[in-house]
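A.B. asks: A single structure is presented below for examination.
Numbering (the UniProt record's numbering), first residue to last: 1 to 115.
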């Protein structure tokens, strides 16, 4: 919620989002309580992912990672999916280790898929 408070000034909207995140889910007629997170496929999921990853990933990549690189690199992100392209293979490998640490700071994990 702290990331949202930096981007959203309306306290009513912040309360509504907080309630949505704690509202629980209904699966096959059975109600399940939730205390955090947004339901998979929920209408707010892409919006919240974009706000959160702006701080957890985008700013970090732009301000911390890019200035240290010798080769070209690009981060491409759509909602909670992203691809990072590197010119230098060694920098790409080093980035993978740093990425896991950075995501861990925000309570996130990554699903590794190298293609």
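Using N, Cα and C, we set each Cβ at its ideal position, and we do this for glycine too.
Computed from a predicted model, the values in this text were never measured in an experiment.
1) For the putative contact between residue 91 and residue 71, defined by C-beta atoms under 8 Å, what is the C-beta separation to the nearest angstrom?
2) Whose C-beta lies closer than 7 Å to the C-beta of residue 8 among residues of the same chain, with five residues either side of it excluded?
3) Could you pull out every residue in the same chain whose Cβ sits closer than 7 Å to the Cβ of residue 63, ignoring the five residues on either side in sequence?
4) Excluding the 5 residues preceding and the 5 following residue 32 in the sequence, name in chain order all residues of the same chain whose CB lies nearer than 8 Å to its CB.
5) Out of 17, 66, 74 and 89, which one is the CA nearest neighbour of residue 51?
6) Pick out whichever of 30, 49, 95 and 75 has its Cα sitting closest to the Cα of residue 108.
7) Roughly how many angstroms lie between the CA atoms of residue 77 and residue 84, to the nearest whole one?
8) Determine the extent of the alpha helix (DSSP H) in which residue 2 is found, giving its start and end residues.
9) How is the alpha helix (DSSP H) around residue 32 delimited, first residue to last?
10) What is the DSSP secondary structure of residue 10, counted as helix, strand or coil?
11) Since I believe residue 75 is in contact with residue 61 (beta carbons under 8 Å), could you give me their beta-carbon distance rounded to a whole number of angstroms?
12) Taking the alpha-carbon of residue 89 as reference, which of 73, 34 and 3 has the nearest alpha-carbon?
C.D. replies: Let me lay it out:
1) The count along the chain shown starts at 1 and reaches residue 91 at position 91. The count along the chain shown starts at 1 and reaches residue 71 at position 71. 6 Å between Cβ atoms; contact.
2) Along the chain shown, one-based indexing puts residue 8 at 8. Excluding positions up to five away in sequence, the list reads 14.
3) Here the question's residue 63 lines up with position 63 in the chain shown. Correct list: empty, nothing qualifies.
4) As a position in the chain shown, residue 32 is number 32, starting the count at 1. Beyond the five residues adjoining it in sequence on each side, residue 32 comes within less than 8 Å, by CB distance, of 24, 25 and 26 in the same chain, given in chain order.
5) Looking up residue 51 in the chain shown gives position 51. It is 17 whose Cα lies nearest to the Cα of residue 51.
6) To locate residue 108, count along the chain shown from 1; it is residue 108. Out of 30, 49, 95 and 75, 49 has the C-alpha closest to the C-alpha of residue 108.
7) On the chain shown, position 77 is the one that residue 77 refers to. On the chain shown, position 84 is the one that residue 84 refers to. Answer to the nearest angstrom: the Cα atoms are 9 Å apart.
8) As a position in the chain shown, residue 2 is number 2, starting the count at 1. Its alpha helix (DSSP H) spans residues 2–7.
9) Residue numbering aside, residue 32 sits at position 32 when the chain shown is read from its first letter. No alpha helix (DSSP H) contains residue 32, which is instead part of the beta strand (DSSP E) from 30–32.
10) For the purposes of this step, residue 10 is taken as residue 10 along the chain shown, with counting starting at 1. Correct three-state label for residue 10: coil.
11) As a first step, residue 61 must be located in the chain shown, where it is residue number 61. As a first step, residue 75 must be located in the chain shown, where it is residue number 75. Yes, they are in contact, since the Cβ atoms of residue 61 and residue 75 sit about 5 Å apart, within 8 Å.
12) As a first step, residue 89 is located in the chain shown; it is residue number 89 there, counting from the start. Nearest C-alpha to residue 89: 73.
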